[in-house]
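For the sequence shown, the numbering used here gives the first residue as 24, with consecutive numbering after it. Beta carbons are placed, not taken as given, at the ideal position from N, Cα and C, and that holds for glycine.
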Amino acid sequence: MEVSKLFERCVKSVCYQTSSEFRVIVVCNEKPEITFSHPHIIYLEVDYPTPKEQNPIARGLTDKGRKVLRGLTYARRFDPTHAMNVDADDCVSKQLAEFVRKTPQGNGWFINRGYKYRDGEDCLYLKRKQFYRMVSIQQSVVSRQLINGM
24 MEVSKLFERC VKSVCYQTSS EFRVIVVCNE KPEITFSHPH IIYLEVDYPT PKEQNPIARG
84 LTDKGRKVLR GLTYARRFDP THAMNVDADD CVSKQLAEFV RKTPQGNGWF INRGYKYRDG
144 EDCLYLKRKQ FYRMVSIQQS VVSRQLINGM
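Rendered as structure tokens:
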């Protein structure tokens with residue numbers, strides 16, 4: 024699936040929350056061409072130099088790390104209780120923001136079970152245990168206090 028379509032599916036899942044207490048900060052080299060818009064989406068275009076690491080995985084992690092840091096820094100102006108990094112191919116529960124709103128004292132949560140979807144297929148696959156092994160640890164929801172302490 025094309026990256027812009029993946030991103031659009033992702034951002035729709037984030038924006039269809041049952042609570043309006045969330046923001047989506049997209050840090051990107053150039054704004055994706057999508058038809059969906061939402062008042063809580065903010066695009067931050069960045070032009071970082073190409074990472075110098077020789078290893079392609081390290082290069083990707085350096086680029087992603089810079090973008091995550093930029094997004095977290097920008098998010099401070101909204102005084103969030105928690106933050107979550109989401110990749111373009113992820114989808115989240117529409118009840119996530121409401122859950123976080125009701126439990127602001129939590130240090131954070133990691134995903135222990137979830138669904139895997141393959142584009143073009145008619146079904147979802149439920150992963151009941153160790154779902155976190157299939158996804159990035161950065162997809163955890165983390166409290167502002169823990170982020171500020173890093």
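Residue i and residue j closer than 8 Å at C-beta
i: R167; j: E44; result: no
i: G23; j: L67; result: Given that the chain is displayed from residue 24 to residue 173, the structure contains no residue 23 and the question cannot be resolved.
i: T85; j: P103; result: no
i: V164; j: G131; result: yes
i: P177; j: S36; result: What the structure shows of the chain is the stretch from 24 to 173, and residue 177 is not part of that stretch, so it cannot be assessed.
i: V91; j: I65; result: no
i: T41; j: E121; result: yes
i: D112; j: L29; result: yes
DSSP three-state assignment for residue i, whether helix, strand or coil
i: Y71; result: coil
i: C114; result: coil
i: Y39; result: coil
i: C8; result: Residue 8 is absent from the model: the chain starts at 24 and stops at 173.
i: G48; result: The displayed chain sequence assigns Ile, not Gly, to residue 48. DSSP places I48 in strand when its eight states are reduced to three.
i: G94; result: helix
i: G83; result: helix
i: V164; result: strand
i: G88; result: helix
i: I170; result: helix
Residues near residue i by beta carbon distance below 7 Å, same chain, minus five either side
i: E53; result: E68
i: R32; result: C114
i: Y11; result: The chain is shown only over 24 to 173; residue 11 falls outside these bounds and no answer can be derived.
i: G129; result: S166
i: V34; result: V47, F59 and I64
Same chain, Cβ closer than 8 Å to residue i, five either side skipped, listed in chain order
i: H63; result: C38, S43, F45, R46 and V47
i: I170; result: L95 and A106
Residues near residue i in its chain [Cβ-Cβ closer than 6 Å; skip 5 each side]
i: Y71; result: R89
i: L119; result: none
i: F101; result: R46
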